[in-house]
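In order, the protein sequence lines correspond to chains A and B. Be aware that the first sequence starts at 1377, since it is given in my numbering, and climbs by one per residue. Be aware that the second sequence starts at 8, since it is given in my numbering, and climbs by one per residue. No residue lacks a Cβ here, since even glycine has one placed at the ideal position from N, Cα and C.
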Amino acid sequence: MARITAGVGSSHVPLLGVAVDQGKSRDDYFGPIFAGYDWTREWEAAEKPDVVVLVYNDHASAFDASIIPTFAIGCGERYKPADEGWGPRPVPDVEGHADLAWHIAQCLILDDFDMTIINEMDVDHGLTVPLSMMFGQPDTWPCKVVPLAVNVVTYPVPSGNRCWALGEAIARAVASFPEDLNVQVWGTGGMSHQLQGPRAGLLNREWDNRFMDMLEADDDAVRHIPHIEYLRETGSEGIEMVMWLIMRGALGRKVRRLHRHYHIPCSNTAIGHIVLEPVE
Amino acid sequence: MDIHAYLEEFEDIPGTRVYTAKRARAGYHLNQFAMSLMKAANRERWKVGERAYLDEWPLSEDQKLAVLARDYNRMLDLGGNIYFLSKIFSTDGIPFAEACSTMTDMTFPEYRQMMLDGGRSPEGNRSIKGKY
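Set out below in structure tokens:
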């Protein structure tokens, strides 16, 4: 049977992709950010996950304003890096796992999550930057990916509680897939940042770290943080952190923290990164 | 969940326009216009004549003037969302952080220094009514 072996949380700031693509990841500005991922790159190389369920948001790349799915799952065979206005990132195409993705999609719908199914789309920095952070610059990505796109732009976005519950449902779905697969769930985005208005540039080190403490806890209090708290405390774009709750919900009640990293700033954003494994 | 109370709280955050359904509706064509700049051919036509390109879209005159002036706060007021509007400043060759700085009361060098120093503090920036 397939099994979820670990969860990873990570920011997905586009500038990190630029740093990788232009060979700047060890300079004075980016060095401290990337150093916090060194442990994870070694760990991933040893873990060799077969599939990553990668939770992210599209930034007006694959979806425009005409259709806004709350939760969309990629069931295609492969995805190309999107042209976000500067040309596509020079990274490998992303290979899907259509069998597992369709299995998860069916299970989720029967489990009362009304998923949107995507067969074709390009994937933007929200998905490719975490792959670069965790795997570096290989010729092909070392695992298959099930993209799971969440609307965190147009309000109301899904609640933290709903995201957590979706993670639980994903765990049930993975556990019933007959093939023996090592599956990780990644929640991406955040941490605190605000990209708009006179309050642009807001960062909140204390709140972000409390959020990561709550992810490590044995209880599920973190799922009940309301939208207004993310907005007030972490800026208008900090709401992306609800996507980390899908990852956390998929890991079960108790987790062990394997690694954690926090750095301010990367452009407008606070960088956060955590690796958790489920404890029986 | 009471939708009215939920939405009202959003108006209490200083210097922030939460992208609600009301804004998404007012800004639909503004955002779709911005999205059209993802295509290289459209960017070329836009650069040749911004006003003529805008006139192809069902935008209000206020929205068109805000775009021409690159007044991003005004565009947000008129329903723009920053991820869509980013297609305008990326076409202008301006980095995200610089575009953000134009929405604040700082110059870009001042804004960049604030970020290096740890960013804008949430202290006093969480609630208009509560002043905390």
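| Asked | Found |
| --- | --- |
| Neighbouring residues, chain B, relative to A:Asp1397 (Cβ below 9 Å) | In chain order: nothing, as chain B lies at least about 15 Å away. |
| Integer-rounded CB distance, given that A:His1569 should sit under 8 Å from A:Ala1474 | So it is not a contact: roughly 34 Å between Cβ atoms. |
| Limits of the unbroken alpha helix (DSSP H) element including B:Arg119 | Phe115 to Leu123 |
| Coil, strand or helix - A:Pro1464 by DSSP | strand |
| Through-space distance from A:Ile1640 to A:Pro1425, alpha-carbon basis | 29 Å |
| Closest by C-alpha distance to B:Gly137, when choosing among B:Thr114, B:Gln120 and B:Glu16 | B:Glu16 |
| Counted within 10 angstroms of its Cβ, other Cβ atoms place B:Ser97 as buried (16 or more) or exposed | buried |
| Continuous alpha helix (DSSP H) stretch holding A:Gly1543: start and end | Gly1536 to Ala1551 |
| Per-residue burial, B:Arg119 [other beta carbons within 10 Å of its own, 16 or more giving buried] | buried |
| Alpha carbon of A:Val1499 to alpha carbon of A:Cys1451, nearest angstrom | 13 Å |
| Cα-Cα separation, A:Glu1460 to A:Pro1466 | 12 Å |
| Same chain, Cβ closer than 7 Å to A:Met1590, neighbours up to 5 away in sequence not counted | Ala1597 and Val1598 |
| Short Cβ contact (7 Å threshold) for A:Gly1393 with A:Val1505 | yes |
| Contact set for A:Arg1454: own chain, Cβ-Cβ below 7 Å, skip 5 residues either direction | Asp1469, Val1470, Glu1471 and Gly1472 |
| Closer than 6 Å: A:Ala1549 CB and nearest the ligand PLP heavy atom | As for the ligand PLP, it is missing from this structure, which has no ligand bound. |
| Simplified DSSP state of B:Gln70, which is helix, strand or coil | helix |
| Distance, B:Asp69 Cα to A:His1388 Cα | 34 Å |
| Chain A contact residues for B:Pro21, given Cβ-Cβ distances below 8 Å | Pro1574 and Arg1575 |
| Chain-ordered neighbours of A:His1435 on chain B, where CB pairs are closer than 8 Å | Tyr90 and Ser93 |
| Given B:Gly125 as reference, the closest of A:Leu1634, A:Arg1581 and A:Glu1653 once Cα atoms are compared | A:Arg1581 |
| Interface flag, B:Thr3 vs chain A, CB-CB below 7 Å | Past the boundaries of the shown model lies residue 3 of chain B; chain B is included only from 8 to 139, so the question cannot be answered. |
| Simplified DSSP assignment, three categories, for A:Phe1489 | coil |
| Terminal residues of the beta strand (DSSP E) in which A:Leu1524 lies | Lys1520 to Val1526 |
| Counterpart residues of A:Phe1447 in DSSP-defined beta bridges | A:Val1526 |
| DSSP-derived helix/strand/coil call for A:Pro1506 | helix |
| With 16 other Cβ atoms within 10 Å as the buried cut-off, status of B:Asp9 | exposed |
| Three-state secondary structure (DSSP) of A:Gly1625 | helix |
| Host alpha helix (DSSP H) of A:Glu1605 (start-end) | His1603 to Thr1610 |
| As assigned by DSSP and simplified to three states, the class of A:Gln1560 | strand |
| A:Lys1520 classed as buried or exposed, judged by whether at least 16 other C-beta atoms fall within 10 angstroms | buried |
| Interface flag, B:Asn49 vs chain A, CB-CB below 7 Å | no |
| Identity of the residues DSSP links to A:Ser1387 by a beta bridge | Beta-bridge pairing links A:Ser1387 to no other residue. |
| Of the listed residues A:Pro1518, A:Trp1517 and A:Ile1604, nearest to A:Ile1615 (C-alpha basis) | A:Ile1604 |
| Chain B within 7 Å of A:Arg1632, Cβ atoms only | no |
| Own chain residues within Cβ distance below 8 Å of B:Lys54, not counting five before or after | Thr98 |
| Whole-number beta carbon distance between A:Val1528 and A:Val1618, since they are thought to touch under 8 Å | 6 Å |
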